[in-house]
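Beneath this line is the structure, given in structure tokens, with notes to follow.
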Amino acid sequence: MNSIWRYVVNHLVTGLAVLSTVIVIVPLVAILAYLLYKGASSLNLAFFTHIPAPVGEPGGGMANSMVGSAIVLALASLMGIPVGIAAGVYLAEYGQGKVLAMAVRFTADVLNGIPSIVMGISAYSLIVIQQGHFSAFAGGVALAIMMVPTITRTTEEMLMTVPHAIREAALGLGVPKWRTVLSVSLRTASPGIITGCMLAFARVAGETAPLLFTAFGNQFWSFKLNEPIAALPLQIYVYAISPYDEWHRLAWAGALVLILMIMVSVTLVRIYAGRGALKGAS
Amino acid sequence: MGVGINVEHLNAWYGTNHTLQDINLNIPANHATALIGPSGCGKSTFVRCLNRMHETNPIARATGVVKMGEVDIYKDASPVDIRRRVGMVFQRPNPFPTMSIYDNVASGLKLNGFRHKAILDETVERSLKAAALWEEVKDELKKKSGASLSGGQQQRMCIARALAVDPEVLLMDEPASALDPVSTSKIEDLIFQLKSQYTIVIVTHNMQQAARVAENTGFFLNGKMVEFNSTDKIFTTPKDKRTEDYITGRFG
Amino acid sequence: MTTRIKFQQSLDDLKERLLMMAGMSEQAIQRSIEAYRTRDLSICELVFRAEPAINRLEREIDQLALDLLAMEQPMAIDLRFILSVIRINADLERVGDQAVNIAVRVREMGAFANIDLPVDIPKLASLASSMVRKALQAFIEGDAEMAQSVLTLDDQVDEMNDAAFSTLSTLIKEKPELTPQSLNALIIARNLERVGDHATNIAEDVIFWVRGADVRHRSGAA
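If you read the sequences in order, they're chains A, B and C. Take 0 as the starting number for the first sequence in numbering that gives the first Met the number 0 and just add one per residue. Take 0 as the starting number for the second sequence in numbering that gives the first Met the number 0 and just add one per residue. Take 0 as the starting number for the third sequence in numbering that gives the first Met the number 0 and just add one per residue.
As structure tokens, then:
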């Protein structure tokens, strides 16, 4: 009697778990399917190589947005990753029990929770107003600040997983502390830290609000950091709220490209982290 | 060649805990000295004061004089200098997981900026031979990760790593406690061979090991050094009743 | 609540067996001297029949000591104790052998006329056996002072033996017809002197155990 009951409960719970998983996956699949449906037809070579056509004219593409996104993200990474890693290193290796460390950690947590539009407005007041114009640089700064908390926290956690014993081994060999941090702690934790950076990158790749007031967007090619620049999420937003069908069509295509980009980068993170975890732990 | 170590009025604290109380000791050069005592008696703390690793803990401090040869290691030298003259092998093998066997053994030199390839090659080979590990790993030095060896091999590699920087003193904190009897024997034989070139201090809770390996033995209890004498006298005719109780296993 | 209870019990067991051995050896000596005094051959028989038991016990004690050395890794005082037990064991067995030798001599003497010889064998015997008893008492109590005092008694035994030797040698020259009895008595005196030596060894082993000092082969007190 007891074993029949257990059998039933077992399968019931298993069924519920499967059902929950399906419920979670369904929206993702639905979004993807819908985007494919709406946007795939607009993907052609022109889409990836041309800038937007003037209003009313058919054709055109979002090439400048994709390049612009790449530039802004590169700027954000160049600024955000070193700062984030440095903060993480400080917290894990130098900051035990210090008040400054508590302040840094608190700041990171708060920054993490700030809505992205507030980030954008802050960057607007701090940089755009001072410089007098929108710029790729300002966009990069806004996104960099958003990357820092994630990278800091991941770096700190990964460094904490480095066994204290190997730090001691290096110190015992007469290696100065800074060199120990660099060549032993960071090197051992690097797969995890890189994963953290990629995750932060994937997260800000799709952010629109911070770029509204900083990069601002640009209909034309722009490679100068001091000028407004196009970005994919920004462009999608502008097209989506416009009254033109042609632009709506492009927006769908752009959204599809964006989500595919994010999916690819997350997959890459998983593959790299999988390999990296084995290497780091052995 | 090894140097002798002279300790006078060494006191050490972890925060408010007075871990070592007025230790006075003379460790002779080119001999193996064992330190025995129950858990928490301070022998590991003592050894960590000899290479200034004790102070890597933020709440730790030490006072007193520790002289290695003519050098007062607290007054006349920096911690980094001292740790290059004093090698340390820990209780659990701690190879650098991201480095190959070669890089592990050479790490003491490489991480301090030394790059001369021919000398590094020769040093790695010499150290692995001294640690009785060369034959087992010579074909896979750069291919295998340091962490992929067995426990006993890892510990011997850590010994090779410590020897590669050519220290004068080798500190070993329970080096064989995590190993099986065969590996333990190999390491004890190793210590026996190394004695003639280095001064060795070995902390062990295994009295039979101290008896097998060391010419002199010091018995620590509750932060004090109770008795220090040649090993055969300590184990056949100890002077202090506390020493006798400990080594005959009679407590309570 | 002390540790190593099993080991302590084994050590106590070892001590008890050794004391049993001591009792048997002592009894053998007493019997052999009684046989000499009374020339009673049945007492000699008793001595002969008791000997195998002494030998068996010697083997048991050695085996137990060996096992303890191998299994318990004794150190310091425990190690010295077991080593002393092994040595005392051997000395006690030899004491038993000497008793047998004396009994053999007594039986030989039985074939000849019973005369009073001018040597006080019983006195020598009493001194020798009291040395053994004192050495064993020192062992029981772990008393190095008592053991020390045994060492000085050996000189007396040696003197008495030497005196017996010269007395009996003279007797043989003067009255050759008494040679068989004299020779046997001489040998008995020698055997008793050996018993004294064994008692000295036992005392030295006790001192080694208690003090950790090796006082063997020194003339006089240490």
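Glycine included, every Cβ here is placed at the ideal spot set by N, Cα and C. Predicted, not measured: the structure shown is a model, and the values here were computed from it.
> When you compare only the Cα positions, how much space is there between residue 11 of chain C and residue 85 of chain C?
Replying inline: When only Cα atoms are considered, residue 11 of chain C and residue 85 of chain C end up about 14 Å apart.
> Just to confirm, are residue 187 of chain B and residue 211 of chain B a CB contact at a threshold of 8 Å?
Replying inline: It is a contact, given that the beta carbons lie within the stated cut-off.
> Which of the three DSSP states, helix, strand or coil, is assigned to residue 148 of chain A?
Replying inline: Looking at residue 148 of chain A - three-state DSSP - the assignment turns out to be helix.
> Any idea what DSSP makes of residue 229 of chain B, helix, strand or coil?
Replying inline: Of the three classes helix, strand and coil, the one that applies to residue 229 of chain B here is strand, per DSSP.
> If we count the other Cβ atoms within 10 Å of its Cβ and call it buried at 16 or more, is residue 4 of chain A buried or exposed?
Replying inline: Answer is exposed; the Cβ neighbour count stays below 16.
>> Here's the rule I'm using: 16 or more other beta-carbon atoms within 10 Å means buried, otherwise exposed. How should residue 54 of chain C be labelled?
In response: Residue 54 of chain C should be labelled exposed.
> What are the boundary residues of the beta strand (DSSP E) that residue 238 of chain A is part of?
Replying inline: Not the beta strand (DSSP E): residue 238 of chain A falls in the alpha helix (DSSP H), residues 231 to 239.
> Does the region 150 to 159 of chain A touch the region 49 to 63 of chain B, meaning 3 or more C-beta pairs lie closer than 8 Å?
Replying inline: In this structure the region 49 to 63 of chain B does not lie against the region 150 to 159 of chain A, because fewer than three pairs of beta carbons, one per stretch, are closer than 8 Å.
>> Taking 8 Å as the threshold (beta carbon to beta carbon), is residue 201 of chain A in contact with chain B?
In response: Not a single C-beta of chain B is nearer than 8 Å to the C-beta of residue 201 of chain A.
> At which residues does the alpha helix (DSSP H) containing residue 21 of chain A begin and terminate?
Replying inline: It spans 1 to 38 - the alpha helix (DSSP H) in which residue 21 of chain A sits, taken as one unbroken run.
> Can you pull the DSSP bridge partners for residue 87 of chain B?
Replying inline: Under DSSP, residue 87 of chain B forms a beta bridge with B:170.
>> Run through chain B and tell me which residues come within less than 8 Å of residue 76 of chain C, C-beta to C-beta.
In response: Going along chain B in sequence order, the residues near residue 76 of chain C (Cβ under 8 Å) are 243, 247.
> Over what stretch of residues does the alpha helix (DSSP H) that includes residue 169 of chain C continue unbroken?
Replying inline: Element bounds for residue 169 of chain C: 143 to 173.
>> Which of the three DSSP states is assigned to residue 224 of chain B in this structure?
In response: In the structure shown, residue 224 of chain B sits in a strand (DSSP, three-state: E or B).
>> For residue 50 of chain C, which residues in the same chain have their Cβ closer than 7 Å to its Cβ, ignoring the five residues on either side in sequence?
In response: Closer than 7 Å at Cβ, skipping near neighbours: 95, 99.
> In angstroms, rounded to a whole number, what distance separates the CA positions of residue 93 of chain A and residue 157 of chain A?
Replying inline: Roughly 15 Å between the two C-alpha positions.
> By Cβ distance, which residues of its chain are closer than 6 Å to residue 217 of chain B, with the 5 residues on each side in sequence left out?
Replying inline: So the list reads 34, 224, 227, once near-sequence residues are dropped.
> Roughly how many whole angstroms lie between the Cα atoms of residue 127 of chain B and residue 75 of chain C?
Replying inline: Taking the straight line from one Cα to the other gives about 38 Å.
> Would DSSP call residue 213 of chain B helix, strand or coil?
Replying inline: Coil at residue 213 of chain B, not helix or strand.
> Is residue 209 of chain C near residue 141 of chain C, with beta carbons less than 8 Å apart?
Replying inline: Cβ distance < 8 Å, so residue 209 of chain C and residue 141 of chain C count as in contact.
> Do the region 89 to 108 of chain B and the region 23 to 31 of chain B make contact, defined as three or more Cβ pairs closer than 8 Å?
Replying inline: The answer is no - the region 23 to 31 of chain B does not touch the region 89 to 108 of chain B, with fewer than three Cβ pairs under 8 Å.
>> Quick check for students: name the residue ranges of the beta strand (DSSP E) that lie wholly in the region 94 to 127 of chain A, counting only runs of 3 or more.
In response: Taking only runs of at least 3 residues, no beta strand (DSSP E) segment lies wholly in the region 94 to 127 of chain A.
> Does any C-beta atom of chain C lie closer than 8 Å to the C-beta of residue 207 of chain B?
Replying inline: For residue 207 of chain B, the answer is yes, since a Cβ of chain C falls inside 8 Å of its Cβ.
> Quick one: is residue 271 of chain A near chain B, going by C-beta distance under 8 Å?
Replying inline: Answer no: the Cβ-Cβ gap between residue 271 of chain A and chain B never drops below 8 Å.
> Are the beta-carbon atoms of residue 235 of chain A and residue 217 of chain A separated by less than 8 Å?
Replying inline: Not a contact, by the Cβ cut-off of 8 Å.
>> Could you compute how far the alpha carbon of residue 221 of chain C sits from the alpha carbon of residue 53 of chain B?
In response: Low confidence applies here, because residue 221 of chain C scores a pLDDT of 42, under 50, leaving its location unreliable; read the following figure in that light. The C-alpha of residue 221 of chain C lies about 49 Å from the C-alpha of residue 53 of chain B.
>> Only counting the same chain, and skipping five residues up and downstream in sequence, which positions put a Cβ closer than 8 Å to that of residue 167 of chain B?
In response: Excluding residues within five positions, the ones whose Cβ falls inside 8 Å are 0, 1, 2, 67, 68, 84, 85, 197, 198.
> Listed in chain order, which residues of the region 82 to 95 of chain B have Cβ atoms closer than 7 Å to some Cβ of chain A?
Replying inline: Listed by position along the chain: 82, 83, 87, 89, 91, 93, 95.
> In the DSSP assignment, what residue or residues form a beta bridge with residue 12 of chain B?
Replying inline: Paired residues: B:17, B:60.
>> Distance check for residue 24 of chain C and residue 158 of chain C, CA to CA, integer angstroms please.
In response: For residue 158 of chain C and residue 24 of chain C, the distance between alpha carbons rounds to 24 Å.
>> Using the Cβ count rule (16 or more neighbours within 10 Å means buried), how would you classify residue 238 of chain B?
In response: That one is exposed.
>> Taking 8 Å as the threshold (beta carbon to beta carbon), is residue 164 of chain B in contact with chain A?
In response: Yes, because at least one Cβ of chain A sits closer than 8 Å to the Cβ of residue 164 of chain B.
> Taking the alpha-carbon positions, what's the residue 123 of chain B to residue 195 of chain B distance?
Replying inline: Our two residues, residue 123 of chain B and residue 195 of chain B, have alpha carbons roughly 20 Å apart in a direct line.
> Which residues bound the beta strand (DSSP E) around residue 200 of chain B?
Replying inline: That run of the beta strand (DSSP E) goes 198 to 202.
>> What does the alpha-carbon distance come out to for the pair residue 20 of chain A and residue 191 of chain A?
In response: Near 27 Å, if we compare the C-alpha coordinates of residue 191 of chain A and residue 20 of chain A.
>> Is it the case that the region 113 to 121 of chain A contacts the region 161 to 178 of chain A, given that we only count it when at least three CB pairs across the two stretches are under 8 Å?
In response: Short answer: they don't touch.
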